[in-house]
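A short write-up of the structure that comes next.
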Amino acid sequence: MAGEGTLHLLLPGLLGPVPRAAARAPEVLGRFPGLADLLNRSTAERSPSGELTTLLAARLEDPDALCAGPLGLVAEGVDPAEGYWFRADPVMLHPDRDRIVVFHGGPALPEPSETDELVMAFNGFFSGDGVELRAPAPQRWYLRVPEALATVTTTPLHAVIGRGMGEALPRGEQAGRWASLLNEAQMLFHTHPVNQVRQDQGRPMINGIWPWGGGRLRPLRWRNELAGLHGDDLTLIGLGKHTGVQVAPLDLDRLPETDDGDHLVVCDGPARALAEQDLGAWLAWLEALERGWFRGLAASRRRVRLDAGTGRAWTRTGGGRWRFWRRRHDLDRWLSLEG
Numbered sequence: 003m004a005g006e007g008t009l010h011l012l013l014p015g016l017l018g019p020v021p022r023a024a025a026r027a028p029e030v031l032g033r034f035p036g037l038a039d040l041l042n043r044s045t046a047e048r049s050p051s052g053e054l055t056t057l058l059a060a061r062l063e064d065p066d067a068l069c070a071g072p073l074g075l076v077a078e079g080v081d082p083a084e085g086y087w088f089r090a091d092p093v094m095l096h097p098d099r100d101r102i103v104v105f106h107g108g109p110a111l112p113e114p115s116e117t118d119e120l121v122m123a124f125n126g127f128f129s130g131d132g133v134e135l136r137a138p139a140p141q142r143w144y145l146r147v148p149e150a151l152a153t154v155t156t157t158p159l160h161a162v163i164g165r166g167m168g169e170a171l172p173r174g175e176q177a178g179r180w181a182s183l184l185n186e187a188q189m190l191f192h193t194h195p196v197n198q199v200r201q202d203q204g205r206p207m208i209n210g211i212w213p214w215g216g217g218r219l220r221p222l223r224w225r226n227e228l229a230g231l232h233g234d235d236l237t238l239i240g241l242g243k244h245t246g247v248q249v250a251p252l253d254l255d256r257l258p259e260t261d262d263g264d265h266l267v268v269c270d271g272p273a274r275a276l277a278e279q280d281l282g283a284w285l286a287w288l289e290a291l292e293r294g295w296f297r298g299l300a301a302s303r304r305r306v307r308l309d310a311g312t313g314r315a316w317t318r319t320g321g322g323r324w325r326f327w328r329r330r331h332d333l334d335r336w337l338s339l340e341g
């Protein structure tokens with residue numbers, strides 16, 4: 003029978019932040035009884051707030067050792083060796099009044115042949131600067147940089163999509179050198195034949211890269227032993243390969259059993275929907291998780307720990323489902339609000 007281990011649910015964005023009006027909307031109130039029941043019968047404790055990479059890092063013995071760049075390469079089956087690697091995904095930079103807006107995905111993704119040409123042009127242009135661009139997949143690029151460019155603070159791509167790039171550009175003592183590199187790459191791509199063809203066809207130009215998650219691959223250990231990981235995030239997959247913990251694809255219809263120990267389930271779909279300011283997509287994620295996961299958890303005796311990245315985590319023990327004496331609250335009680 004299931005229940006010996008703890009089921010850890012890492013679901014950034016599940017509980018917001020959302021606009022205040024959305025928290026009290028009819029689409030939310032009374033719609034998710036399974037999730038509300040889990041929260042009502044759980045004990046809350048402080049937990050790190052932030053996006054998925056931050057939450058994953060908090061589960062390691064050395065949180066500072068987690069870097070999305072080299073772990074992404076591990077997930078792709080590429081050896082990062084001793085290099086200092088960033089994620090550097092292709093983006094469209096679009097002027098909008100007094101700002102430059104970042105777009106990625108959908109029509110703003112290159113074809114494989116376009117990727118090959120742009121990467122070759124980049125590496126040829128910057129061959130004397132000690133940087134190298136690699137693209138294991140058309141939509142996922144990686145940038146190796148020399149030590150001189152390593153000391154910089156970056157912003158994950160998903161946090162800037164559809165927003166102005168100004169304050170999200172690389173920050174730190176090497177910010178000026180990064181600004182020069184990114185500007186030169188933008189000009190190189192803008193005039194490249196690939197983008198001339200895309201422009202003639204009415205397709206978005208691929209005129210930039212977005213660096214984030216830089217670092218070297220370092221030894222990593224989980225704070226608590228895990229029997230399995232579940233999710234589709236590239237950093238999670240890289241973590242699993244690097245730490246020797248098996249990673250299974252995310253299953254929205256059922257949760258894993260925990261007879262063999264603790265399992266960590268990761269889903270950042272709600273966070274991505276909120277980053278794109280799409281409340282409809284966020285609600286669709288909540289509906290899918292309510293239907294596939296939370297309804298069943300309400301009647302189970304499983305030990306569950308839920309962390310949605312809001313600064314609190316909720317733990318329900320096997321006996322927590324019998325806490326009928328607790329006052330029942332609707333989901334809006336638990337939502338984090340914008341501002």
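Under our numbering, think of the first position of the sequence shown as 3, with each following residue one higher. Built from N, CA and C at the ideal position, the CB exists for glycine as well. Everything numeric in this text was worked out from a predicted model, so none of it was measured.
Look up residue i in the DSSP assignment and say whether it is helix, strand or coil.
i	result
Phe34	coil
Gly294	helix
Met189	helix
Glu47	strand
Met94	strand
Arg179	helix
Pro213	strand
Phe128	coil
Pro14	coil
Arg335	helix
Leu219	coil
Val121	helix
Gly263	coil
Ile208	coil
His160	helix
Glu113	coil
Ala277	helix
Glu6	coil
His194	coil
Pro72	helix
Excluding the 5 residues preceding and the 5 following residue i in the sequence, name in chain order all residues of the same chain whose CB lies nearer than 8 Å to its CB.
i	result
Cys69	Trp87, Gly215, Gly216, Gly217, Arg218, Leu219 and Arg220
His244	Leu73, Val76, Leu219 and Leu222
Gln248	Gly230, Leu231 and Gly242
Gln279	Gly164
With a CB to CB cut of under 6 Å and the five nearest residues on each side skipped, what residues in its chain are close to residue i?
i	result
Leu111	Gln141
Ala250	His232
His192	Asn209
Ala152	Tyr86
Asp262	Ala229
Glu63	Arg223 and Arg225
Pro65	Ala59
Pro82	Pro72, Leu75 and Leu219
Would residue i and residue j qualify as a contact pair, given that the criterion is a beta-carbon distance under 8 Å?
i	j	result
Val133	Val154	no
Leu17	Thr312	yes
Arg61	Leu159	no
Asp270	Gly15	yes
Ala310	His265	no
Ser129	Arg314	no
Gly168	Arg225	no
Gly294	Leu254	yes
Gly47	Thr319	Note on identity: in this sequence residue 47 is Glu, with Gly being the wrong assignment. Cβ atoms of Glu47 and Thr319: not closer than 8 Å.
Arg205	Pro109	yes
Leu285	Glu84	no
Val121	Ala137	yes
Could you check the C-alpha separation between residue i and residue j for me, to the nearest Å?
i	j	result
Leu41	Gly178	46 Å
Arg303	Gly7	11 Å
Gly52	Asp91	21 Å
Val306	Ala27	28 Å
Ala67	Ala59	8 Å
Leu257	Thr55	22 Å
Asp332	Val93	40 Å
Pro21	Val162	18 Å
Glu149	Ala187	20 Å
Phe34	Ser44	16 Å
Gly32	Ala181	49 Å
Met260	Ala23	Inspection of the sequence shows that residue 260 is occupied by Thr rather than by Met. Using only the alpha carbons, I get a separation of about 38 Å.
Leu11	Glu292	13 Å
Leu57	Gln176	27 Å
Leu299	Leu308	12 Å
Beta-carbon within less than 7 Å of residue i's beta-carbon, same chain only, minus the 5 sequence neighbours each way: which residues are those?
i	result
Ala123	Leu190 and His194
Phe127	Leu190
Thr157	Ala170 and Trp214
Ala25	Asp334, Leu337 and Leu339
Gly166	Arg101, Ile102 and Val103
Gln201	Met207
Asn125	Glu134 and Leu135
Between the region 224-240 and the region 196-211, do three or more beta carbon pairs fall short of 8 Å?
-> no
Is there contact here, the region 113-122 with the region 266-280, by at least three beta-carbon pairs under 8 Å?
-> no
Any contact of the region 194-206 with the region 29-44, i.e. 3+ C-beta pairs under 8 Å?
-> no
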